[in-house]
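Below is one structure, written out as structure tokens; comments come after it.
Protein chains: 2
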Amino acid sequence: MVKKVVSAMEVAKLANVSQSTVSRVFTPGASVSEKTREKVLKIAEELNYQPNALARGLITKKTNMVGLAMKDIQNPFYHEVLGIFTKKLRAQGYSVLFVYTENEEIQQEEINHFLEYNVEAVIVTDALLSSKVVAKLQDYDIPVTLFNRHDKNLVCNSVSCDNISAANEIAAYIYEKGYRDIVFITGKINTSTSQDRQKGFTDFFKNKGIDITILEGDYTYEKSFNLTKNMLEAGHRPEAIFGANDITALGALDALKKRNISVPDETIVIGFDDIKMSSWPNYSLSTWVQPIEQMVDETINLLTSDSNNDNPKTVKLKGHFIHRKTTK
Amino acid sequence: MVKKVVSAMEVAKLANVSQSTVSRVFTPGASVSEKTREKVLKIAEELNYQPNALARGLITKKTNMVGLAMKDIQNPFYHEVLGIFTKKLRAQGYSVLFVYTENEEIQQEEINHFLEYNVEAVIVTDALLSSKVVAKLQDYDIPVTLFNRHDKNLVCNSVSCDNISAANEIAAYIYEKGYRDIVFITGKINTSTSQDRQKGFTDFFKNKGIDITILEGDYTYEKSFNLTKNMLEAGHRPEAIFGANDITALGALDALKKRNISVPDETIVIGFDDIKMSSWPNYSLSTWVQPIEQMVDETINLLTSDSNNDNPKTVKLKGHFIHRKTTK
DNA sequence: CTGAAAGCGCTTACAG
DNA sequence: CTGAAAGCGCTTACAG
Numbered sequence: 094m095v096k097k098v099v100s101a102m103e104v105a106k107l108a109n110v111s112q113s114t115v116s117r118v119f120t121p122g123a124s125v126s127e128k129t130r131e132k133v134l135k136i137a138e139e140l141n142y143q144p145n146a147l148a149r150g151l152i153t154k155k156t157n158m159v160g161l162a163m164k165d166i167q168n169p170f171y172h173e174v175l176g177i178f179t180k181k182l183r184a185q186g187y188s189v190l191f192v193y194t195e196n197e198e199i200q201q202e203e204i205n206h207f208l209e210y211n212v213e214a215v216i217v218t219d220a221l222l223s224s225k226v227v228a229k230l231q232d233y234d235i236p237v238t239l240f241n242r243h244d245k246n247l248v249c250n251s252v253s254c255d256n257i258s259a260a261n262e263i264a265a266y267i268y269e270k271g272y273r274d275i276v277f278i279t280g281k282i283n284t285s286t287s288q289d290r291q292k293g294f295t296d297f298f299k300n301k302g303i304d305i306t307i308l309e310g311d312y313t314y315e316k317s318f319n320l321t322k323n324m325l326e327a328g329h330r331p332e333a334i335f336g337a338n339d340i341t342a343l344g345a346l347d348a349l350k351k352r353n354i355s356v357p358d359e360t361i362v363i364g365f366d367d368i369k370m371s372s373w374p375n376y377s378l379s380t381w382v383q384p385i386e387q388m389v390d391e392t393i394n395l396l397t398s399d400s401n402n403d404n405p406k407t408v409k410l411k412g413h414f415i416h417r418k419t420t421k
Numbered sequence: 094m095v096k097k098v099v100s101a102m103e104v105a106k107l108a109n110v111s112q113s114t115v116s117r118v119f120t121p122g123a124s125v126s127e128k129t130r131e132k133v134l135k136i137a138e139e140l141n142y143q144p145n146a147l148a149r150g151l152i153t154k155k156t157n158m159v160g161l162a163m164k165d166i167q168n169p170f171y172h173e174v175l176g177i178f179t180k181k182l183r184a185q186g187y188s189v190l191f192v193y194t195e196n197e198e199i200q201q202e203e204i205n206h207f208l209e210y211n212v213e214a215v216i217v218t219d220a221l222l223s224s225k226v227v228a229k230l231q232d233y234d235i236p237v238t239l240f241n242r243h244d245k246n247l248v249c250n251s252v253s254c255d256n257i258s259a260a261n262e263i264a265a266y267i268y269e270k271g272y273r274d275i276v277f278i279t280g281k282i283n284t285s286t287s288q289d290r291q292k293g294f295t296d297f298f299k300n301k302g303i304d305i306t307i308l309e310g311d312y313t314y315e316k317s318f319n320l321t322k323n324m325l326e327a328g329h330r331p332e333a334i335f336g337a338n339d340i341t342a343l344g345a346l347d348a349l350k351k352r353n354i355s356v357p358d359e360t361i362v363i364g365f366d367d368i369k370m371s372s373w374p375n376y377s378l379s380t381w382v383q384p385i386e387q388m389v390d391e392t393i394n395l396l397t398s399d400s401n402n403d404n405p406k407t408v409k410l411k412g413h414f415i416h417r418k419t420t421k
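Sequence order for the protein chains is P and E. All residue numbers for the first sequence refer to the working numbering, where the first residue is 94 and numbers rise by one. All residue numbers for the second sequence refer to the working numbering, where the first residue is 94 and numbers rise by one.
See the structure below:
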């Protein structure tokens, strides 16, 4: 037996008020006498009434939906990010419309649903938007925020870790410990995270007149494992390896172990992200902790503080290094 | 400069047709002459017109949205599941409204957004619904499907791996190899996956008159690592360990390694799920592959084949064992 | 504080 | 094949 969804009209009839009044009871800030409010609320409760968000959204243009787009990548970091976003957005009364993409750049077609449903803001993590798409979103006054990415060509908000300075600090740490044979394994080289971490890291050593080895990875475990394996087989046993993210560092770590190279005694390994796995006893990876919670908070702030697109903000958060067992 | 979202009315004016006609052009199956269709489509294109899904949903009760609820757990398996769901649902024209929960049971309050937005179906993975919530959803004729879970008390669809028979096969494999000192590490004991895998596994050995050791885990790496570590320290070195999922098996595997127990020579280890990590060279875990793609397909089928709630279906898929380096 | 009415952007019988 | 009109379930001026 299918109950019909009850509308404000039905509540109104039973409560002996107008439908407008019922609406007011469910509109924060609208003026209703305490007596009517209680009466209506009681009936609404009984009837299991819930305002229809579609109708409301149609008229207010406030849909309370946020579009979240994420690239399909096997990095647990983004799973955590997604979880935190969803929870915090809900706490603010937003629902999240979720899109997973397989493309490097999110395409028009994938963003169309966001438009159709009048999302109030779009958050993109670990993927880029074509500037055309950003422009279109902004035409409709939908603020766009890049999470853990930035792009000089895109006029939109961006929240990320200050990757350059973080990588710089990591470089300083390695330098001060006296290591000179150093390897950096990049992530996907077209991502701002990999570029910035590489820049911060290499610039430090360049200033010291030290050449470091760059291995071009792609943010996957497998690639990093193989790069390290090949390097080792070729006879190069560096003193320090910095991976552009934890997954990358973990791949390198496993390749070292396979060769029975002692970590951290012979080679130290450092990652970036602090995914759950990195604290597993078997890995116990030293890494840079991204302040995810704070990054998410800032992102949500950007949406709620009706940031206008004409004046996009770039937020960079610091994070901190955590020393575990892959460094001395 | 903010462009206004264009409505069907504006397209109609420019195309010299009625708004109804514009609507028909965007309604699959509605009758419009080829000539008008082209004319309207051309103008719509120019104006960047897109039907408003909210208005459409309000009237048709077809919102093309599916609610997906997932428990906040650190299992990469569910990240894959989420990705596949999102992609496949989009391919069918659905958008996904996503909710992450921290509770074991999904509560009314968390499902309310689904109701407000008139989702057409609800999919729940790795969490349970209270029967009250299921009832409410069904009152409104919204089909509910449990993914990777089942619950005898809930009258709703369910799609999962046939955990009992899979665990049974794993038991048979272990038995035939001649191992007799066997450990099963459970997952969260209140989940159907853990219960079924335990049942399938222990029943096999019970029939053979063999007692196996049950360690109560909770589907986390840490718990399983510690359980195994403690067991080893207590002097018990089993010949075979079956973890209720891969994360569990990985925790056991690392504890064995820490003790320098050779896998698979001294102890074999088997998991369940086949998460990406399990194929990493350092782990190379033998495990049961859940047929995720197929499971997702079946779940989506259930929604689209307007399954009615009065006659819920239970789908169990087989999957297969994959032999890697933690078994002989 | 409250009701009647207009309107959000659509779909869908109903005529023609 | 097409248009005029009603209506989906709301919000929000406008009066009173």
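Glycine included, every Cβ here is placed at the ideal spot set by N, Cα and C. Note that the structure is a prediction, hence the values are computed from the model and not measured.
Quick one, which of the options has its alpha-carbon nearest residue i's?
{"i": "P/A342", "options": "P/E326, P/K322, P/H329", "result": "P/K322"}
{"i": "P/V227", "options": "P/I361, P/Y210, P/N205", "result": "P/N205"}
{"i": "E/P144", "options": "E/A162, E/V252, E/V118, E/G344", "result": "E/V118"}
{"i": "E/H413", "options": "E/Q383, E/E391, E/L395", "result": "E/Q383"}
{"i": "E/D140", "options": "E/L221, E/E103, E/A123", "result": "It is Leu, not Asp, that sits at residue 140 of chain E in the sequence shown. Of the listed residues, the one whose Cα sits closest to E/L140 is E/E103."}
{"i": "P/N375", "options": "E/S317, E/E391, E/H329", "result": "E/S317"}
{"i": "E/I354", "options": "E/S372, E/D296, E/E326, E/W373", "result": "E/E326"}
{"i": "E/I340", "options": "E/Y312, E/A220, E/L182", "result": "E/Y312"}
{"i": "P/C254", "options": "P/N404, P/Y210, P/K409, P/V159", "result": "P/K409"}
{"i": "P/R330", "options": "P/V356, P/N338, P/A337, P/Y314", "result": "P/V356"}
Give me the DSSP bridge partner(s) of residue i.
{"i": "E/A214", "result": "E/V159"}
{"i": "P/L222", "result": "P/I199"}
{"i": "E/G364", "result": "E/T380"}
{"i": "P/I334", "result": "P/V276, P/V362"}
{"i": "P/K418", "result": "Per DSSP, none; premise fails for P/K418."}
{"i": "P/L410", "result": "P/C254"}
By a C-beta neighbour count over all protein chains shown, 10 Å radius and 16 as the cutoff for buried, is residue i buried or exposed?
{"i": "E/E127", "result": "exposed"}
{"i": "P/D347", "result": "buried"}
{"i": "E/E131", "result": "exposed"}
{"i": "P/E197", "result": "exposed"}
{"i": "P/M94", "result": "With a pLDDT of only 40 at P/M94, under the threshold of 50, the placement of this residue in the model should not be trusted, and no figure is reported."}
{"i": "P/I152", "result": "exposed"}
{"i": "E/K164", "result": "buried"}
{"i": "E/K271", "result": "Lys is not the amino acid found at residue 271 of chain E; the sequence shown has Gly there. Its Cβ having fewer than 16 others within 10 Å, E/G271 is exposed."}
{"i": "P/G344", "result": "buried"}
{"i": "P/H172", "result": "buried"}
{"i": "E/G364", "result": "buried"}
{"i": "P/T407", "result": "exposed"}
{"i": "E/E262", "result": "buried"}
{"i": "P/D289", "result": "buried"}
{"i": "E/T397", "result": "exposed"}
{"i": "P/E213", "result": "buried"}
{"i": "P/S371", "result": "buried"}
{"i": "P/Q185", "result": "exposed"}
{"i": "P/A123", "result": "exposed"}
In chain E, which residues lie with their C-beta within 7 Å of the C-beta of residue i?
{"i": "P/Q167", "result": "K369"}
{"i": "P/N256", "result": "Here the premise fails: no neighbours, minimum Cβ distance about 23 Å."}
{"i": "P/S461", "result": "Missing from the structure shown is residue 461 of chain P; chain P here goes from 94 to 421 and no further."}
{"i": "P/V98", "result": "Y233"}
{"i": "P/N261", "result": "What P/N261 touches in chain E: nothing, since even the nearest Cβ is about 30 Å away."}
{"i": "P/A148", "result": "L151"}
Run down chain E in chain order and give the residues with a C-beta less than 9 Å from the C-beta of residue i.
{"i": "P/G310", "result": "By Cβ distance, chain E contributes nothing, its closest Cβ being about 15 Å from P/G310, past 9 Å."}
Which residues in chain P sit within 8 Å of residue i, going by Cβ to Cβ distance?
{"i": "E/D347", "result": "W373, P374, N375"}
{"i": "E/F170", "result": "Simply none; closest approach about 11 Å."}
{"i": "E/T179", "result": "F191, V192, Y193"}
What residues from chain P crowd round residue i, counting only those whose CB sits closer than 7 Å?
{"i": "E/L222", "result": "None at all; the shortest Cβ gap to chain P is about 17 Å."}
{"i": "E/Y314", "result": "W373"}
{"i": "E/K350", "result": "N375"}
Taking Cβ-Cβ distances shorter than 9 Å, what residues in chain P pair up with residue i?
{"i": "E/V145", "result": "Here the sequence assigns Asn to residue 145 of chain E, which means Val is not the residue at that position. Here the neighbours are L151, E209, Y210, N211."}
Say the cut is 7 Å; is the CB of residue i nearer than that to a heavy atom of the ligand FAD?
{"i": "E/P169", "result": "This structure lacks the ligand FAD, and indeed carries no ligand of any kind."}
Practice prompt. Evaluate the contact criterion for the region 373–383 of chain E versus the region 405–421 of chain E: three or more CB pairs, one atom per stretch, below 8 Å.
Written response: The region 373–383 of chain E makes contact with the region 405–421 of chain E, as at least three CB pairs between them are under 8 Å.
Worksheet item: On the three-pair Cβ rule with 8 Å, is the region 266–285 of chain E touching the region 304–315 of chain E?
Response: The way I'd put it, the region 266–285 of chain E does touch the region 304–315 of chain E; three or more beta-carbon pairs between them come closer than 8 Å.
Item to complete: Decide if the region 281–298 of chain E is in contact with the region 232–244 of chain E; the criterion is three or more beta carbon pairs, one per stretch, under 8 Å apart.
Response: They touch, by the three-pair rule.
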